[in-house]
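K.L.:
Attaching a single structure in structure tokens format; questions to follow.
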Amino acid sequence: MEKKTENRIRRAFAAKEQVKEQSVNNMILLARTHWNENIRKENIHFSRFLLAQVRYIGWKIWIIELVVTIIPVFILFKFLGWHTITQTTAVFLLCCLTIAISMLCIPFIYRSIYYQMYEIEAATFFSIKKLLLSRIMILSVGELVGIIGVGIVMSYNTPVDFRNSMVCMLFLFGAVWNGVLRLVRKVEMEKLCRYFLAYGFGLLFVMTMLVRFQQHAFDGTFYTEIFLGSCIFLGYGVYQGRLLARWSEDVCCVRA
Amino acid sequence: MREEVLIKNLLAGDSSAMDELVRMYYPEILRYCMWHAPDAYLAEDAAQETFLKAIKYLGRGRFSGKFKSFLYKIAVNTCIDMHRNKWREHVSFECINCEMDYVETGFEDAADKLMIEELVRRLEPAMQEVAILRFRQDLKLREIAVIMEMPMRTVQSKLRQALKEIKVELLKGGTADGKKDRK
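Now the structure itself:
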């Protein structure tokens, strides 16, 4: 029975529209012109492209990162005072800042995917995943510099152990950005922001629970384990970055 | 395969290979865009944009697999983009003289064709797309799976569902083989 339906549909679509020769000739001319223009363009190395992205990210994003990193921390200290900062509070604050700043990327990534990256993808040699990787790399370096700066100031003004705070922060930094890279590798571009938000809030929740029920995690008791964990994250992050950088340049297209 | 040879020649600098590639696939892609576009002019726009995008990616070495499936993938997404941005508000003032030529096959067949087209348009988007690629564009299931980025089983399942729905609608109005139910 379904074979009859199939045959009937095929018969209905059997009458094909005749394409005019002029239309084909126009396309051939257009294609040749486009091909000749296209192949003359130079391809640049990824490192040069990476440096160019610093300018394309824009000063507004850097200002926002600076504002979110530094000002709330100092306003908090001004009202609460440095004496209220304990080892646990310091580490918790640094870790939450790490997550919060990385989540700042979300509107940027969303905007990039929705408005810019498909055009850039079409105009350049690099796929959308490589573009995203380059921007994530630059933003994460900026975030790291900011957080380390806050950590230095905090350890200068309080009895907080700088080494322990930095190791805990680096561990969480590794967790955040490895998660981001994995999502970029595995999730469709259009769903990336949702997954990233869920991951960020999940990490914040875990941090809050740890502060409440397992404060020893932050006081240096597990320093060696956390340090090893940070090294593993660093290695895995480099591995994921190289995978993305070496990925075949698949075209990422918009879904309905 | 001929297309592999052509692409190899094209990348080696033989731009006449481009002519042959266009002649091979442009009519097919244009017919595909005709299904989605409000009129022939916009279909031509979409088909041209598909080829221009394909050329850009080809020139930058960003292409893998079969060229035909690659072209169709771009065509599917170009039509989606255009539908979202340009075609939604479009009012067609298509000139009758500019219509593409159809091969006339009789009034009953023409009425049946219109009915089948209408039923296909009523299908859910993914099923409609699979049905169009299979029956209108004569693509193989494997090719459709690559274009739609679905597993083969999903393509088969969607096709079965589409046939089932169309069959049900046809049975409501007549018999599945096109004969009116004379009772």
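Chains as they are written, first to last, in the numbering used here: chain A, 2 to 257; chain B, 13 to 195. Think of the CB as a built atom: it goes at the ideal place given N, C-alpha and C, for glycine as much as any other residue.
Taking a contact to mean a Cβ-Cβ separation below 8 Å, would you say A:L105 touches A:G152 in this structure?
P.N.:
No. Outside cutoff.
K.L.:
Enumerated in chain order, which unbroken segments of the alpha helix (DSSP H) with a length of 4 residues or greater are wholly contained in the region 20 to 84 of chain B?
P.N.:
Complete alpha helix (DSSP H) runs here, min 4: 28 to 48 and 52 to 71.
K.L.:
With a cut-off of 8 Å, does the C-beta of A:T89 fall near any C-beta of chain B?
P.N.:
No, because no Cβ of chain B sits closer than 8 Å to the Cβ of A:T89.
K.L.:
May I have the straight-line CA-CA distance separating A:W60 from A:N158, to the nearest angstrom?
P.N.:
One C-alpha to the other measures close to 30 Å.
K.L.:
Just the C-alpha distance for A:C232 and A:R164, rounded to the nearest angstrom, thanks.
P.N.:
One C-alpha to the other measures close to 15 Å.
K.L.:
Run through DSSP, which three-state label would B:Q168 get?
P.N.:
Here B:Q168 sits in helix by DSSP.
K.L.:
Identify whether A:Q215 lies in helix, strand or coil by the three-state DSSP scheme.
P.N.:
Correct three-state label for A:Q215: coil.
K.L.:
Give a yes or no on whether 8 Å exceeds the smallest Cβ distance from B:V34 to chain A.
P.N.:
Yes, contact with chain A.
K.L.:
So, using beta-carbon positions, are B:M30 and B:L42 closer together than 8 Å?
P.N.:
Not in contact: B:M30 and B:L42 (Cβ atoms no closer than 8 Å).
K.L.:
Are at least three pairs of beta-carbons, each pair with one atom in the region 219 to 232 of chain A and one in the region 184 to 204 of chain A, less than 8 Å apart?
P.N.:
Segments in contact, no.
K.L.:
Counting only C-beta atoms, is B:K125 closer than 8 Å to chain A at any point?
P.N.:
Answer yes: the Cβ-Cβ gap between B:K125 and chain A drops below 8 Å somewhere.
K.L.:
Rounded to the nearest angstrom, how far is the Cβ of A:F93 from that of A:M170, given a contact under 8 Å?
P.N.:
At roughly 10 Å, the Cβ-Cβ gap does not stay under 8 Å, so A:F93 and A:M170 are not in contact.
K.L.:
Can you list the residues of chain B that A:V25 reaches, using a CB-CB cut of under 9 Å?
P.N.:
Those are V34, R35, Y38, P39 and L42, listed as they occur along chain B.
K.L.:
Secondary structure at A:Q1, three-state DSSP: helix, strand or coil?
P.N.:
The shown model of chain A, from 2 to 257, leaves out residue 1 of chain A, and the question about it has no answer.
K.L.:
Examine chain B for any beta-carbon lying closer than 8 Å to the beta-carbon of A:M190, and answer yes or no.
P.N.:
Not one chain B Cβ lies under 8 Å of A:M190.
K.L.:
Report yes if the C-beta distance between A:F172 and A:G242 is below 8 Å; otherwise report no.
P.N.:
Contact flag unset, no.
K.L.:
Can you find a CB in chain B that lies within less than 8 Å of the CB of A:F14?
P.N.:
Yes, contact with chain B.
K.L.:
Whose C-alpha, out of B:F79, B:Y69 and B:G25, is nearest the C-alpha of B:Y38?
P.N.:
B:Y38 has its Cα closest to that of B:F79, out of B:F79, B:Y69 and B:G25.
K.L.:
Is there a Cβ of chain B sitting closer than 8 Å to that of A:H35, yes or no?
P.N.:
Interface residue, yes.
K.L.:
If you drop the 5 nearest sequence neighbours on each side, which residues of the same chain put their C-beta closer than 7 Å to that of B:E61?
P.N.:
Within the same chain, B:E61 has close Cβ partners T90.
K.L.:
Counting C-beta neighbours from all protein chains within 10 Å, is the total for A:V142 16 or more, i.e. buried, or is it exposed?
P.N.:
With fewer than 16 Cβ atoms within 10 Å of its Cβ, A:V142 is classed as exposed.
K.L.:
Going by DSSP, what residue range makes up the alpha helix (DSSP H) through A:G175?
P.N.:
Residues F163 to K187.
K.L.:
Are at least three pairs of beta-carbons, each pair with one atom in the region 44 to 60 of chain B and one in the region 150 to 170 of chain B, less than 8 Å apart?
P.N.:
Short answer: they don't touch.
K.L.:
Starting from B:P137 and walking both ways along the alpha helix (DSSP H), at which residues does that stretch end?
P.N.:
It spans P137 to A143 - the alpha helix (DSSP H) in which B:P137 sits, taken as one unbroken run.
K.L.:
Around the Cβ of B:E11, are there at least 16 other Cβ atoms within 10 angstroms (buried) or fewer (exposed)?
P.N.:
Past the boundaries of the shown model lies residue 11 of chain B; chain B is included only from 13 to 195, so the question cannot be answered.
K.L.:
If the cut is a Cβ gap below 7 Å, which residues of chain A does B:D31 touch?
P.N.:
Correct list: I29.
K.L.:
Helix, strand or coil for B:M13? Go by DSSP, reduced to three states.
P.N.:
Looking at B:M13 - three-state DSSP - the assignment turns out to be coil, as it is neither helix nor strand.
K.L.:
Does A:I148 pass the burial test, meaning 16 or more other C-beta atoms within 10 Å, or should it be called exposed?
P.N.:
Classification for A:I148: buried.
K.L.:
Give the C-beta separation of B:M94 and B:A58 to the nearest angstrom, bearing in mind that I take them to be a contact with Cβ-Cβ under 8 Å.
P.N.:
Indeed they touch by this definition, with Cβ atoms about 5 Å apart.
K.L.:
For A:R1, I'd like the list of residues in its chain whose CB is within less than 7 Å of its CB, leaving aside the five on either flank, ordered along the chain.
P.N.:
Not covered by the structure: residue 1 of chain A. The range shown for chain A is 2 to 257.
K.L.:
Considering only C-alpha positions, which residue in the set B:A24, B:S27, B:G25 and B:E32 is nearest to B:E15?
P.N.:
Taking only the C-alpha atoms, the option nearest B:E15 is B:E32.
K.L.:
Find out if the Cβ-Cβ distance for the pair B:E141, B:M127 is shorter than 8 Å.
P.N.:
No; because the gap between Cβ atoms is not below 8 Å, this pair is not in contact.
K.L.:
At a Cβ threshold of 8 Å, is B:Q214 touching chain A?
P.N.:
Not covered by the structure: residue 214 of chain B. The range shown for chain B is 13 to 195.
K.L.:
Check for me: the alpha helix (DSSP H) holding A:T99 runs from which residue to which?
P.N.:
It spans Q88 to M104 - the alpha helix (DSSP H) in which A:T99 sits, taken as one unbroken run.
K.L.:
Going by C-alpha distance, which of B:L135, B:D124 and B:L151 is nearest B:I178?
P.N.:
Comparing Cα positions, the closest option is B:L135.
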